[in-house]
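Chemist: In the numbering used here, the protein residues as written are 39 to 412.
As structure tokens, this is what we get:
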């Protein structure tokens, strides 16, 4: 037994023990709107198959340029530090709507060898939301269906239980065909479709693994009031959790129907500042000054540093640098740190020193601004 002379005084031991969490997780008292992370745009995008790419380049080279990028599977993206992803979804309540794209038939008609089967396990014939960019034209995904993508996220999350929260942007797609190559007519997103979307998310993630509008609203009358009062969860509470965001502004009213201020909903709408549901909004192309003003008020903002491969092809970093400096919490790109552009200059988007996250340069307390977070 140790003698008394080797024992720490109880108050000293208490101080040491109480300091351990703070030492382990610097900055955890920051709110989640006071951090900044790098995200990937169309994170599922596997690219267009080789022989379909040849046809695109031969017949529509300019449009092909905007689709000429691809991402690693979600797991590898998370491993490299990405903490915001984007999943485009199409409703497919009966199954089979996107099971027979026109791409393979075009390749056969051109007497080219067939590309690898995009659906060897027949997933596309079954009901459920599907993940793809453009029906018939740009339809290959690194994960399929939507719930499989979510399960991959959850598996990674469980293997890294103290991770910075992951933001998942969901774009509901139901546009009618814009090209003669597109024949699949998408199902419209109506209130019941969004009910089904919430149900699919909740079938993968239990409540304790999510941060929802109800969690942020708390006892405030509206979500907007809670946000302006700074009621976002702390990073300490948010570690290991998932936050779902809605991409399309036009979907807000339908998603809100019967759910004032997003009561009972999973996703945060892309909202108008000051509206009852306002917590998150997109400003994909800025301007940076407007983003900074929104961040200072307490809103969560997603922006993009590049689009359609334009900045990457010339290594134009002006927009990238302005968007990072704006304070937008989610900085989305086609070229995160593990996937630099292949053109001269090798355009890439990363936080300083390739940090996973940092204290927000605009609204974090002065001592935590730009401070690396893990």
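Cβ coordinates follow ideal geometry from the N, Cα and C atoms, glycine included.
Using the beta-carbon count (16 or more within 10 Å), is residue 384 buried or exposed?
Modeler: Residue 384 should be labelled exposed.
Chemist: Please classify residue 408 as buried or exposed, where buried requires at least 16 other C-beta atoms within 10 Å of its C-beta.
Modeler: Label assigned to residue 408: exposed.
Chemist: Within 10 angstroms of the Cβ of residue 97, are there 16 or more other Cβ atoms? Answer buried if so, exposed if not.
Modeler: Counting Cβ neighbours within 10 Å, residue 97 comes out exposed, since fewer than 16 surround it.
Chemist: In angstroms, rounded to a whole number, what distance separates the CA positions of residue 60 and residue 265?
Modeler: Legend: pLDDT at residue 60 = 42, less than 50; position of this residue unreliable, no value from coordinates given.
Chemist: Counting Cβ pairs, one atom from each stretch, are 3 or more of them under 8 Å apart for the stretch 199-208 and the stretch 147-156?
Modeler: Contact between the stretch 199-208 and the stretch 147-156 is absent, because fewer than three Cβ pairs lie under 8 Å.
Chemist: Between the C-alpha atoms of residue 106 and residue 256, what's the straight-line distance to the nearest angstrom?
Modeler: If you take the alpha carbons of residue 106 and residue 256, they lie about 44 Å apart.
Chemist: Which same chain residues end up closer than 7 Å to residue 330 when comparing Cβ atoms and leaving out the 5 residues on each side of it in sequence?
Modeler: So the qualifying residues of the chain are 364, 365, 400.
Chemist: Around the C-beta of residue 381, are 16 or more other C-beta atoms found within 10 angstroms, so that it is buried, or is it exposed?
Modeler: The residue is exposed, with fewer than 16 neighbouring Cβ atoms inside 10 Å.
Chemist: Using 8 Å as the threshold, is the stretch 332-342 in touch with the stretch 287-296, meaning 3 or more CB pairs across them?
Modeler: Too few Cβ pairs lie closer than 8 Å, so no.
Chemist: Considering residue 78, what are the terminal residues of the beta strand (DSSP E) in which it resides?
Modeler: Residues 73-78.
Chemist: Look at the Cβ atom of residue 174, then the Cβ atom of residue 88, and state whether they are nearer than 8 Å.
Modeler: No. Outside cutoff.
Chemist: With burial defined as no fewer than 16 other Cβ atoms inside 10 Å of the residue's Cβ, what is the status of residue 128: buried or exposed?
Modeler: Buried.
Chemist: In the DSSP assignment, find the alpha helix (DSSP H) that holds residue 330 and state where it starts and stops.
Modeler: Where residue 330 is concerned, the enclosing alpha helix (DSSP H) stretches over 326-335.
Chemist: In terms of DSSP beta bridges, what is residue 272 paired with?
Modeler: For residue 272, which the question treats as bridged, DSSP gives the partners 69.
Chemist: Ordered along the chain, which non-local residues of its own chain (more than five positions away) have a Cβ less than 6 Å from that of residue 358?
Modeler: Here the set comprises 343, 387.
Chemist: How should residue 320 be labelled, buried or exposed, when 16 other C-beta atoms within 10 angstroms of its C-beta is the threshold for buried?
Modeler: Label assigned to residue 320: buried.
Chemist: For residue 252 and residue 94, I'd like the C-alpha separation in whole angstroms.
Modeler: Each residue's alpha carbon lies about 46 Å from the other.
Chemist: I'd like to know if the stretch 299-315 and the stretch 71-87 are in contact, where contact means that at least 3 CB-CB pairs between them fall below 8 Å.
Modeler: No: the two stretches stay apart, fewer than three of their Cβ pairs being nearer than 8 Å.
Chemist: Please report the distance separating the alpha-carbon of residue 347 from that of residue 83.
Modeler: Roughly 14 Å separates the two Cα atoms.
Chemist: Quick one: does residue 275 have its CB under 8 Å from some CB of chain D?
Modeler: Among the protein chains of the structure shown there is no chain D, as only one such chain exists.
Chemist: Closest by CA to residue 289, which one among 158, 235, 377?
Modeler: Out of 158, 235, 377, 235 has the C-alpha closest to the C-alpha of residue 289.
Chemist: Buried or exposed for residue 372, going by 16 or more other Cβ atoms inside 10 Å?
Modeler: It counts as buried.
Chemist: Is the beta carbon of residue 206 less than 8 Å from the beta carbon of residue 123?
Modeler: For residue 206 and residue 123, yes; Cβs fall inside 8 Å.
Chemist: Between 176, 183, 143, 367, which has its C-alpha nearest residue 160's C-alpha?
Modeler: Cα-wise, what sits closest to residue 160 is 183.
Chemist: In terms of residues, what are the limits of the alpha helix (DSSP H) holding residue 239?
Modeler: Its alpha helix (DSSP H) spans residues 229-242.
Chemist: Given a cut-off of 8 Å on the beta-carbon distance, is the pair residue 411 and residue 119 in contact?
Modeler: Cβ distance not < 8 Å, so residue 411 and residue 119 don't count as in contact.
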